[in-house]
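Down below is the structure, laid out as structure tokens.
Number of protein chains: 2
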Amino acid sequence: MTEPEFLAGYDPAAYERPALAVDLVLLGIRAGRLAALLLRRSQQPQAGLWALPGGFVGIAETLDAAAERVLRDKAGIGRARLEQLYTFGAVDRDPRMRIVSVAYLALLPEAAFAEALAGSAALTAATLVVPWAGEAGGPVSAVTEDGAPLALALAFDHADILALAVKRLRGKLDYTDVGFALLPEHFTLRQLQDVHAAIRGAPLNKSAFRRRMRDRGWIAPTGAREAGTAFRPAELFRFDRSGQF
Amino acid sequence: MTEPEFLAGYDPAAYERPALAVDLVLLGIRAGRLAALLLRRSQQPQAGLWALPGGFVGIAETLDAAAERVLRDKAGIGRARLEQLYTFGAVDRDPRMRIVSVAYLALLPEAAFAEALAGSAALTAATLVVPWAGEAGGPVSAVTEDGAPLALALAFDHADILALAVKRLRGKLDYTDVGFALLPEHFTLRQLQDVHAAIRGAPLNKSAFRRRMRDRGWIAPTGAREAGTAFRPAELFRFDRSGQF
DNA sequence: AGAATAGTGTCTATGAGACAGTATCCA
DNA sequence: TGGATACTGTCTCATAGACACTATTCT
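Taken in sequence, the protein lines are chains A and B. Counting in my numbering, the first sequence runs from 415 upward without gaps. Counting in my numbering, the second sequence runs from 415 upward without gaps.
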């Protein structure tokens with residue numbers, strides 16, 4: 415049998431299939447802490463609980479395209495660098511039916527995060543508590559902005575997805591540009607250090623941090639300085655894409 | 415509407431779904447070089463081409479369980495540590511229909527690799543050429559054991575999957591036990607160094623390598639020595655799981 | 001002037017590459 | 001004894017933590 419003959423006789427509906435979805439972990443910095451954008455579920459199942467923005471993958475739609483569509487339609491964010499995280503396939507993770515979900519991670523600059531939050535009443539920002547527990551990282555829990563636990567639990571297995579996202583982020587912190595992706599175009603070294611500290615869940619040595627950023631060629635001075643500070647204004651830098659990774 | 419009411423009225427077949435499969439990258443060491451187990455496709459489509467062992471995910475089967483089933487039934491390997499790699503979702507990656515595939519990576523000890531190879535005529539070992547191209551790693555190509563390019567190309571997007579697997583392996587080499595997973599229970603430091611060099615695609619400094627393995631507490635002496643060597647036999651070590659990661 | 005933060009200099013510990021040297025085995 | 005490999009010692013360099021020090025701005 416040749417390939418065309420085979421394909422003509424092939425029945426794509428022979429076996430029952432799991433449904434396929436994407437879920438988005440949208441991380442940003444809020445008040446100096448790592449935060450995630452969550453959507454309040456308006457429909458059953460698990461209506462009222464907080465969940466990651468997600469949606470089903472179309473039959474002629476790439477996984478990446480589905481993630482972009484959800485980003486646009488459910489989170490109201492035009493563009494962001496999306497990266498595939500992991501695929502969750504527990505049989506009972508959704509009560510409706512068998513749904514396998516491909517999780518994506520996106521890092522939002524502070525302004526984009528705030529804008530998305532302001533643009534939809536269904537969205538909330540959950541501050542992520544990232545305790546330092548060795549290099550491997552500890553558990554991650556989501557709390558409201560004032561530090562109280564979220565009033566409602568996260569839907570489905572979304573707490574697991576969130577925890578994995580932070581773990582991945584932490585792993586990439588030292589050798590990729592993820593720190594810059596969470597900051598505005600111009601930033602101070604202090605802001606950059608705070609972002610790194612927030613993701614690590616542990617403080618960083620100031621001079622060693624500055625030295626490292628300089629030596630790796632990741633930052634370029636803009637010549638400008640911070641404005642409106644109560645004390646000595648810090649120099650503003652921008653991310654130098656020509657640096658070594 | 416309550417959740418039970420909602421679920422009762424839910425139609426799981428409302429939308430057309432992609433098919434979901436798993437594909438396995440089975441890596442091992444063969445003649446001191448990194449190698450992958452490939453399966454010759456006996457059926458259409460792309461019959462005759464080399465492919466990663468794979469299969470569809472059952473409707474009540476976890477992704478991990480599907481990967482284990484494929485490992486057992488298609489590669490004839492009883493057990494191995496499987497790790498999810500990435501999910502490939504290009505729309506036209508399979509000519510039959512839309513198939514999204516979750517790729518898994520498994521590392522086989524030398525003996526298990528050879529045993530699987532001997533157990534099935536449809537399996538072949540493709541040596542992987544891993545050129546050194548900076549820390550990020552370069553492209554990976556599959557060749558036969560004598561160094562010639564594979565007579566037949568890899569099916570579907572399986573060359574991409576293979577390349578990603580090697581990249582992931584390289585990334586985890588320095589801070590996980592992947593090097594030991596490819597070796598037998600007892601090994602010499604030279605063997606261990608060769609495995610690391612094969613994955614890195616670049617040679618390693620001998621004394622620095624030995625020092626590192628010692629200092630991290632990853633290896634424990636067995637007291638025994640190599641047998642049957644033409645020259646001074648090397649000390650045999652085993653992996654010390656209590657070491658730091 | 002004082003407060004508060006920005007930014008620097010230096011000491012030290014650690015880890016790894018380079019490379020030569022010694023030890024041990026077989027033929 | 002010689003050849004080949006196992007294994008070690010030491011020098012040097014790069015990176016990062018600790019921590020005190022100076023610099024600059026606003027009130």
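Ideal Cβ positions, reconstructed from N, Cα and C, are used throughout, including at glycine. All figures in this text were calculated on a predicted structure; none of them were measured in a lab.
Integer Cβ distance of residue i from residue j, believed to fall under 8 angstroms
{"i": "residue 473 of chain B", "j": "residue 599 of chain A", "result": "The pair is not a contact, with the Cβ atoms about 48 angstroms apart (cut-off 8 angstroms)."}
{"i": "residue 444 of chain B", "j": "residue 502 of chain B", "result": "About 26 angstroms separates the two Cβ atoms, so there is no contact after all."}
{"i": "residue 486 of chain A", "j": "residue 492 of chain A", "result": "7 angstroms"}
{"i": "residue 575 of chain A", "j": "residue 638 of chain A", "result": "Not confirmed; about 39 angstroms, so no contact."}
{"i": "residue 601 of chain A", "j": "residue 651 of chain A", "result": "6 angstroms"}
{"i": "residue 457 of chain A", "j": "residue 500 of chain B", "result": "About 31 angstroms separates the two Cβ atoms, so there is no contact after all."}
{"i": "residue 504 of chain B", "j": "residue 476 of chain A", "result": "6 angstroms"}
{"i": "residue 453 of chain A", "j": "residue 488 of chain A", "result": "6 angstroms"}
Residue i, enclosing beta strand (DSSP E) - first and last residue
{"i": "residue 607 of chain A", "result": "From DSSP, residue 607 of chain A is part of no beta strand (DSSP E) but of the alpha helix (DSSP H) over 603 to 614."}
{"i": "residue 520 of chain A", "result": "513 to 521"}
{"i": "residue 499 of chain A", "result": "496 to 502"}
{"i": "residue 650 of chain A", "result": "649 to 653"}
Which residues DSSP lists as bridging residue i, in chain order
{"i": "residue 449 of chain B", "result": "B:442 and B:541"}
{"i": "residue 454 of chain A", "result": "A:464"}
{"i": "residue 437 of chain B", "result": "B:468 and B:517"}
{"i": "residue 600 of chain B", "result": "B:652"}
Cross-chain neighbours of residue i in chain B, by beta carbon under 7 angstroms
{"i": "residue 531 of chain A", "result": "Under the 7 angstroms cutoff, chain B gives no residues; its nearest Cβ is about 28 angstroms from residue 531 of chain A."}
{"i": "residue 498 of chain A", "result": "500 and 501"}
{"i": "residue 592 of chain A", "result": "Near residue 592 of chain A there are no residues of chain B at all, since even the closest Cβ is about 15 angstroms away, more than 7 angstroms."}
{"i": "residue 430 of chain A", "result": "473"}
{"i": "residue 434 of chain A", "result": "431, 432, 434 and 514"}
Cβ pair residue i, residue j closer than 7 angstroms
{"i": "residue 519 of chain A", "j": "residue 579 of chain A", "result": "yes"}
{"i": "residue 448 of chain B", "j": "residue 440 of chain B", "result": "no"}
{"i": "residue 438 of chain B", "j": "residue 463 of chain B", "result": "no"}
{"i": "residue 480 of chain B", "j": "residue 514 of chain B", "result": "no"}
{"i": "residue 508 of chain A", "j": "residue 570 of chain A", "result": "yes"}
{"i": "residue 585 of chain A", "j": "residue 610 of chain A", "result": "no"}
{"i": "residue 654 of chain A", "j": "residue 634 of chain A", "result": "yes"}
{"i": "residue 613 of chain B", "j": "residue 583 of chain B", "result": "yes"}
{"i": "residue 624 of chain A", "j": "residue 603 of chain A", "result": "yes"}
{"i": "residue 595 of chain B", "j": "residue 521 of chain B", "result": "yes"}
{"i": "residue 534 of chain B", "j": "residue 469 of chain B", "result": "no"}
{"i": "residue 459 of chain A", "j": "residue 512 of chain A", "result": "no"}
{"i": "residue 531 of chain B", "j": "residue 525 of chain B", "result": "no"}
{"i": "residue 605 of chain A", "j": "residue 597 of chain A", "result": "yes"}
{"i": "residue 471 of chain A", "j": "residue 496 of chain A", "result": "no"}
Chain A contact residues for residue i, given Cβ-Cβ distances below 9 angstroms
{"i": "residue 640 of chain B", "result": "Those do not exist, as residue 640 of chain B stays about 34 angstroms from chain A at its closest Cβ, beyond 9 angstroms."}
{"i": "residue 606 of chain B", "result": "The premise fails here: residue 606 of chain B is roughly 22 angstroms from chain A at the closest Cβ pair, so nothing lies under 9 angstroms."}
Element boundaries [alpha helix (DSSP H), containing residue i]
{"i": "residue 623 of chain A", "result": "620 to 629"}
{"i": "residue 576 of chain B", "result": "572 to 586"}
{"i": "residue 637 of chain A", "result": "Residue 637 of chain A -> not in any alpha helix (DSSP H); beta strand (DSSP E) instead, spanning 633 to 639."}
{"i": "residue 531 of chain B", "result": "524 to 533"}
{"i": "residue 482 of chain A", "result": "477 to 487"}
{"i": "residue 594 of chain A", "result": "592 to 595"}
Residue i: contacting residues in chain A (beta-carbon distance under 8 angstroms)
{"i": "residue 485 of chain B", "result": "What residue 485 of chain B touches in chain A: nothing, since even the nearest Cβ is about 16 angstroms away."}
{"i": "residue 504 of chain B", "result": "476"}
Contacts of residue i in chain A (Cβ-Cβ under 7 angstroms)
{"i": "residue 470 of chain B", "result": "429"}
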